[in-house]
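Right, one structure below, let's go through it.
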Amino acid sequence: MYNKNSLKAEEFINHEEILDTLAYADKNKDNLELIDSIIEKAKLRKGLSHREASVLLACENPQKITEIYDLAEQIKKDFYGNRIVIFAPLYLSNYCVNGCVYCPYHLKNKHIARKKLTQEEVKKEVIALQDMGHKRLAIEAGEDPQMNPIEYILECINTIYSIKHKNGAIRRVNVNIAATTVENYRKLKDAGIGTYILFQETYHKQSYEALHPTGPKHNYAYHTEAMDRAMEGGIDDVGLGVLFGLELYRYEFAGLLMHAEHLEAVHGVGPHTISVPRLKRADDIDPDTFDNGISDEIFAKLCALIRISVPYTGMIISTRESKEVREKVIRLGVSQISGASKTSVGGYCEPEPEDENSEQFDVSDKRTLDEVVRWLMQMDYIPSFCTACYREGRTGDRFMSLCKSGQIQNCCHPNALMTLKEYLMDYASKETKAIGEELIKAELNNIPKEKVRQICADHLEKIENGIRDFRF
Ligand code: SAM
């Protein structure tokens, strides 16, 4: 039975409800009156239900799709301005006891090089990331209670935050590790993490069980209820995502929105972010052997629909996607991107020898951080290295209420400019710096409140003169 308030996975992600939703969407995919009313509702910027959004996803009318894209673009501008937050993944260990059939970390893979960073190696990786200019990381690890226990993850977080190399610092560590206990989530919260991210992979229980045949991850309910335990453990910023390509995208889309509705209904706060990874080629994984791959067009449509369905939820796109695809979907609603990512364990310090591959998947966008920053600015986006929200306690419902009232613009815009200025001073190439300085000058004038503009200008000048009393 469908019940978004239930704490049971099979009730808040109810299979029958998803099937009914898809049937309803099919029936109404040419119902222009209904489609127009849903688009009108989306314009109120209060989001859409999974049923409404599924009708728009089923709709193939080109004019309506253009209207959806235009609205997504406008909503993105209204809530996130032209800022794009930048981060990098840091792979700590690829030891894993699970049997996920799409992931090269699976236990039966004897071919992949197994690696786990020591604290000394974590330090070296973090210095390499700081030297590029990164301030925000997402740590990643396989699930292995012996090799990667929670104590190891906590020790790594501690090490990461402790390293201050030149002007560098990692100011926010987001965590993408396997579903765990309330007690462990509490420990992660106490360690000062930003967002806890866990991809559902697929919401389809039967497929989920087939795709995760062995290991603790096989347990659908334990995995699907993880965000509720994370919230019980005090983590109020959680990040959802499905791995597109594993199941039918329309099923996943409905499930994803039902999950967001459930979190909002039970905890009073929806997901902080939604990631949209697509299945990629990897060590012993061939994406062509999976039947549910989606085209770039469908991918863009999904991004636009997520944007208008959950306007207050950030959207993340990784280097799994090419420069061209990223360019298209950033416009439609993405608010965070990774840059210069390595998916190998220890890959930032030095490249792996050819015969020693520990990568989780092939990255498509292989550009340097300097190139990514420059490219964003050339498209008039402000690359932001800001981590202020969580440092100032603006998380969970406090962040959401600021966002809903449009207030987030008043602090995010100047913070983005100041962190960009730091980046330009410390790490940028000459060409990137020149473009960035012009952009900052122009964007400073776009701060409406004179007082805020003045404070921002003062800080920018201080940063220019090497004074860093500002740390966001
Ligand atoms: N072990 C943790 C877990 O169970 O969630 C951490 C996640 S893993 C390091 C990060 C994510 O990479 C997975 O959740 C999965 O969605 C994604 N992934 C795995 N194999 C992939 C592939 N071949 N292509 C693209 N993404 C993949």
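Under this note's numbering, the first residue of the sequence shown is numbered 27, with each subsequent residue one higher.
Backbone N, C-alpha and C fix where the C-beta goes; we use that ideal spot for every residue, glycine too.
So residue i and residue j are supposed to be a Cβ contact under 8 angstroms. How far apart are they, rounded?
i: Ile-165; j: Leu-118; result: 6 angstroms
i: Ile-501; j: Ile-203; result: The shown model of the chain, from 27 to 498, leaves out residue 501, and the question about it has no answer.
i: Gly-265; j: Tyr-222; result: 7 angstroms
i: Ile-94; j: Ile-300; result: About 17 angstroms; that fails the 8 angstroms criterion.
i: Ser-367; j: Pro-175; result: At roughly 25 angstroms, the Cβ-Cβ gap does not stay under 8 angstroms, so Ser-367 and Pro-175 are not in contact.
i: Leu-450; j: Glu-469; result: Their Cβ separation, rounded to whole angstroms, is 13 angstroms, which puts Leu-450 and Glu-469 out of contact at 8 angstroms.
i: Glu-59; j: Cys-375; result: Wrong, their Cβ atoms sit about 59 angstroms apart, outside the cutoff.
Could you give the residue range of the beta strand (DSSP E) that holds residue i?
i: Gly-281; result: Element bounds for Gly-281: not the beta strand (DSSP E) but the alpha helix (DSSP H), 275 to 293.
i: Gln-386; result: Segment: none, Gln-386 is in no beta strand (DSSP E) and carries neither H nor E.
i: Thr-299; result: 299 to 301
i: Ile-342; result: 340 to 343
i: Ser-75; result: Looking at the DSSP string, Ser-75 is not in any beta strand (DSSP E), and its letter there is neither H nor E.
i: Ile-363; result: 362 to 364
Could you pull the start and end residues of the alpha helix (DSSP H) that residue i belongs to?
i: Leu-97; result: 88 to 106
i: Ser-335; result: 322 to 335
i: Met-253; result: 252 to 258
i: Met-403; result: 395 to 404
i: Gly-265; result: First-last for Gly-265: 264 to 267, but that is the beta strand (DSSP E), not the alpha helix (DSSP H).
i: Thr-458; result: 456 to 470
i: Ile-261; result: Careful: Ile-261 lies outside any alpha helix (DSSP H) and carries neither H nor E.
i: Ile-408; result: Note, Ile-408: premise wrong, no alpha helix (DSSP H); beta strand (DSSP E) at 408 to 410.
i: Ser-370; result: Ser-370 -> no alpha helix (DSSP H), and no H or E assigned at all.
i: Ser-63; result: 58 to 69
i: Ile-481; result: 476 to 490
i: Lys-53; result: 41 to 53
i: Phe-38; result: 35 to 38
i: Ile-356; result: 349 to 357
Nearer than 8 angstroms: is that true of the beta carbon of residue i relative to any heavy atom of the ligand SAM?
i: Leu-269; result: yes
i: Gln-386; result: yes
i: Leu-266; result: no
i: Gly-168; result: yes
i: Arg-307; result: yes
i: Cys-329; result: no
i: Lys-243; result: yes
i: Asn-57; result: no
i: Glu-499; result: Since the displayed the chain opens at 27 and closes at 498, residue 499 lies outside it and no answer follows.
i: Cys-482; result: no
i: Pro-88; result: no
i: Arg-400; result: no
i: Arg-304; result: yes
i: Ile-311; result: yes
i: Ala-205; result: yes
i: Arg-346; result: yes
i: Tyr-277; result: no
i: Leu-214; result: no
i: Tyr-246; result: no
i: Asn-135; result: no
i: Cys-122; result: yes
i: Asn-202; result: yes
i: Tyr-95; result: no
i: Tyr-117; result: yes
i: Tyr-499; result: In the structure as shown, the chain starts at 27 and stops at 498, and residue 499 therefore has no counterpart that could be examined.
What's the call for residue i, buried or exposed, on a 16-neighbour Cβ count within 10 Å?
i: His-160; result: buried
i: Leu-45; result: exposed
i: Met-405; result: exposed
i: Arg-255; result: buried
i: Arg-307; result: exposed
i: Phe-339; result: At residue 339 the sequence reads Thr, which differs from the Phe that was named. That one is buried.
i: Pro-88; result: exposed
i: Ser-63; result: exposed
i: Asn-40; result: buried
i: Gln-156; result: buried
i: Ile-493; result: exposed
i: Glu-42; result: exposed
i: Asn-491; result: exposed
i: Leu-402; result: buried
i: Met-27; result: exposed
i: Ala-49; result: exposed
Verify the contact flag: residue i, CB atom, against every heavy atom of the ligand MN, threshold strictly below 8 angstroms.
i: Tyr-131; result: You won't find the ligand MN in this model; what it holds is the ligand SAM.
Query raised in the report: Can you list the beta strand (DSSP E) stretches of 3 or more residues lying completely in the stretch 112 to 173, in chain order?
Result: 162 to 167
Query raised in the report: Counting only runs that start and end within the stretch 174 to 239, where is the beta strand (DSSP E) found for 3 or more residues in a row?
Result: 198 to 202
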